[in-house]
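Below you'll find the structure, written out as C-alpha coordinates, and then a few comments.
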Amino acid sequence: MFERLFPSRVPEPKPLPQPNAQLALGALLVRVAFADSNYRATEIGQIDRILSRTFNIGPIEAAKLRATAEALQRDAPETPEFARILREEVDYAHRLALGEAMWSVALADGHRHEKEEIQLLAIETALGLTDQDIEDLREKATRAR
1 MFERLFPSRV PEPKPLPQPN AQLALGALLV RVAFADSNYR ATEIGQIDRI LSRTFNIGPI
61 EAAKLRATAE ALQRDAPETP EFARILREEV DYAHRLALGE AMWSVALADG HRHEKEEIQL
121 LAIETALGLT DQDIEDLREK ATRAR
(Lines of atoms letter the chains of each structure in order from A; the text may use other names.)
(Lines give C-alpha, C1' and ligand atoms only; values in the text may rest on other atoms or scores of the structure.)
Protein backbone atom coordinates (compact mmCIF):
# COMPACT_ATOMS: atom_id res chain seq x y z
CA MET A 1 0.00 0.00 0.00
CA PHE A 2 2.71 2.48 0.95
CA GLU A 3 4.60 1.62 -2.20
CA ARG A 4 1.71 2.90 -4.27
CA LEU A 5 1.55 6.12 -2.28
CA PHE A 6 5.29 6.59 -2.09
CA PRO A 7 6.95 4.86 -5.00
CA SER A 8 10.62 4.20 -4.43
CA ARG A 9 11.89 6.12 -7.41
CA VAL A 10 15.23 7.73 -7.18
CA PRO A 11 15.09 11.11 -8.85
CA GLU A 12 17.31 11.44 -11.88
CA PRO A 13 20.30 13.64 -11.17
CA LYS A 14 20.34 16.98 -12.92
CA PRO A 15 22.85 17.07 -15.74
CA LEU A 16 25.95 19.09 -14.98
CA PRO A 17 26.43 22.27 -16.98
CA GLN A 18 29.15 22.55 -19.57
CA PRO A 19 32.24 24.05 -17.94
CA ASN A 20 32.91 27.70 -18.70
CA ALA A 21 35.60 29.98 -17.24
CA GLN A 22 33.62 30.59 -14.02
CA LEU A 23 32.94 26.91 -13.41
CA ALA A 24 36.45 25.88 -14.46
CA LEU A 25 37.99 28.29 -11.96
CA GLY A 26 35.56 27.22 -9.25
CA ALA A 27 36.28 23.55 -9.90
CA LEU A 28 40.04 24.09 -9.76
CA LEU A 29 39.77 26.07 -6.52
CA VAL A 30 37.67 23.28 -5.01
CA ARG A 31 40.12 20.68 -6.32
CA VAL A 32 42.98 22.47 -4.53
CA ALA A 33 41.01 22.59 -1.29
CA PHE A 34 40.08 18.89 -1.55
CA ALA A 35 43.64 17.78 -2.35
CA ASP A 36 44.53 17.10 1.29
CA SER A 37 41.20 15.29 1.88
CA ASN A 38 40.07 18.06 4.25
CA TYR A 39 37.58 20.56 2.92
CA ARG A 40 37.40 23.17 5.65
CA ALA A 41 35.06 26.09 6.20
CA THR A 42 38.01 28.48 5.88
CA GLU A 43 38.76 27.11 2.41
CA ILE A 44 35.11 27.28 1.41
CA GLY A 45 34.92 30.89 2.56
CA GLN A 46 38.09 31.76 0.67
CA ILE A 47 36.74 30.14 -2.51
CA ASP A 48 33.49 32.08 -2.19
CA ARG A 49 35.39 35.36 -1.70
CA ILE A 50 37.59 34.68 -4.73
CA LEU A 51 34.60 33.83 -6.93
CA SER A 52 32.68 36.87 -5.69
CA ARG A 53 35.59 39.23 -6.28
CA THR A 54 36.72 37.70 -9.59
CA PHE A 55 33.30 37.65 -11.21
CA ASN A 56 31.78 40.64 -9.39
CA ILE A 57 28.91 38.61 -7.94
CA GLY A 58 27.27 38.61 -4.54
CA PRO A 59 27.98 36.08 -1.80
CA ILE A 60 24.89 33.99 -2.50
CA GLU A 61 25.70 33.75 -6.20
CA ALA A 62 29.30 32.87 -5.32
CA ALA A 63 28.13 30.09 -2.97
CA LYS A 64 25.83 28.72 -5.70
CA LEU A 65 28.68 28.84 -8.21
CA ARG A 66 30.95 27.03 -5.75
CA ALA A 67 28.31 24.36 -5.10
CA THR A 68 27.98 23.73 -8.84
CA ALA A 69 31.77 23.71 -9.16
CA GLU A 70 31.99 21.13 -6.35
CA ALA A 71 29.73 18.77 -8.29
CA LEU A 72 31.53 19.51 -11.53
CA GLN A 73 35.01 18.88 -10.16
CA ARG A 74 33.81 15.59 -8.69
CA ASP A 75 32.15 14.25 -11.83
CA ALA A 76 33.61 16.15 -14.76
CA PRO A 77 36.83 16.63 -16.68
CA GLU A 78 40.29 16.35 -15.28
CA THR A 79 42.45 19.33 -14.36
CA PRO A 80 43.94 19.82 -17.86
CA GLU A 81 40.48 20.29 -19.37
CA PHE A 82 39.52 22.96 -16.83
CA ALA A 83 42.89 24.62 -17.34
CA ARG A 84 42.44 24.56 -21.12
CA ILE A 85 39.18 26.48 -20.75
CA LEU A 86 40.94 29.11 -18.64
CA ARG A 87 43.95 29.29 -20.99
CA GLU A 88 41.59 29.96 -23.89
CA GLU A 89 39.47 32.57 -22.10
CA VAL A 90 41.85 34.30 -19.67
CA ASP A 91 45.02 36.22 -20.53
CA TYR A 92 48.35 35.33 -18.92
CA ALA A 93 48.35 38.12 -16.32
CA HIS A 94 44.94 37.05 -15.05
CA ARG A 95 45.96 33.37 -15.04
CA LEU A 96 48.88 34.41 -12.88
CA ALA A 97 46.42 36.12 -10.52
CA LEU A 98 44.37 32.91 -10.49
CA GLY A 99 47.49 31.02 -9.40
CA GLU A 100 47.86 33.46 -6.52
CA ALA A 101 44.20 32.97 -5.59
CA MET A 102 44.65 29.20 -5.60
CA TRP A 103 47.55 29.52 -3.18
CA SER A 104 45.31 31.55 -0.88
CA VAL A 105 42.84 28.64 -0.86
CA ALA A 106 45.59 26.10 -0.19
CA LEU A 107 46.84 28.13 2.77
CA ALA A 108 43.41 29.22 4.07
CA ASP A 109 43.48 26.54 6.77
CA GLY A 110 46.84 27.82 8.03
CA HIS A 111 48.83 24.76 6.98
CA ARG A 112 50.94 23.71 4.04
CA HIS A 113 50.01 20.30 2.70
CA GLU A 114 52.14 18.38 0.25
CA LYS A 115 49.10 17.04 -1.64
CA GLU A 116 47.73 20.57 -2.10
CA GLU A 117 51.11 21.78 -3.35
CA ILE A 118 51.31 18.90 -5.81
CA GLN A 119 47.80 19.73 -7.05
CA LEU A 120 48.73 23.41 -7.32
CA LEU A 121 51.83 22.63 -9.37
CA ALA A 122 49.76 20.50 -11.76
CA ILE A 123 47.20 23.29 -12.14
CA GLU A 124 49.78 26.06 -12.56
CA THR A 125 51.60 24.00 -15.19
CA ALA A 126 48.34 23.22 -17.00
CA LEU A 127 47.48 26.95 -16.93
CA GLY A 128 50.68 27.53 -18.90
CA LEU A 129 52.49 29.49 -16.18
CA THR A 130 56.27 29.62 -16.48
CA ASP A 131 58.47 27.78 -14.02
CA GLN A 132 59.78 31.11 -12.72
CA ASP A 133 56.26 32.47 -12.18
CA ILE A 134 55.25 29.26 -10.41
CA GLU A 135 58.23 29.55 -8.08
CA ASP A 136 57.50 33.25 -7.47
CA LEU A 137 53.86 32.44 -6.59
CA ARG A 138 54.98 29.77 -4.12
CA GLU A 139 57.51 32.07 -2.48
CA LYS A 140 55.06 34.97 -2.25
CA ALA A 141 52.29 32.80 -0.80
CA THR A 142 54.46 31.10 1.79
CA ARG A 143 56.17 34.35 2.78
CA ALA A 144 52.81 36.08 3.34
CA ARG A 145 51.74 33.27 5.62
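The opening residue of the sequence shown carries number 1 in UniProt numbering; numbering runs sequentially from there. Glycine is no exception: its CB is placed at the ideal position from the N, C-alpha and C atoms.
The segment 21 to 28 and the segment 75 to 95 touch, with three or more beta-carbon pairs separated by less than 8 Å. Annotation: the continuous alpha helix (DSSP H) that includes Gly-26 extends over 21 to 34. Assignment of Thr-130 by DSSP, reduced to helix, strand and coil, places it in the coil class. Distances from the alpha-carbon of Leu-127 to those of Ala-144, Glu-88, Gly-58 put Glu-88 closest. Glu-117 and Ser-37 have their C-alpha atoms some 13 Å from each other.
In this structure, DSSP gives Ile-123 a helical state, which the three-state scheme calls helix.
In the three-state reduction of the DSSP assignment, Arg-40 falls in the coil class.
Here Gln-18 is exposed: its Cβ has fewer than 16 other Cβ atoms, across all protein chains shown, within 10 Å.
His-94: member of the alpha helix (DSSP H) spanning 92 to 106, first to last residue. Under the DSSP assignment, Gln-18 falls outside any alpha helix (DSSP H); it carries neither an H nor an E label. Excluding five sequence positions before and after Gln-46, the CB atoms of its chain that fall closer than 7 Å to its own CB belong to Ser-104, Val-105, Ala-108, given in chain order. The C-alpha of Gln-73 is placed about 12 Å away from the C-alpha of Ala-35.
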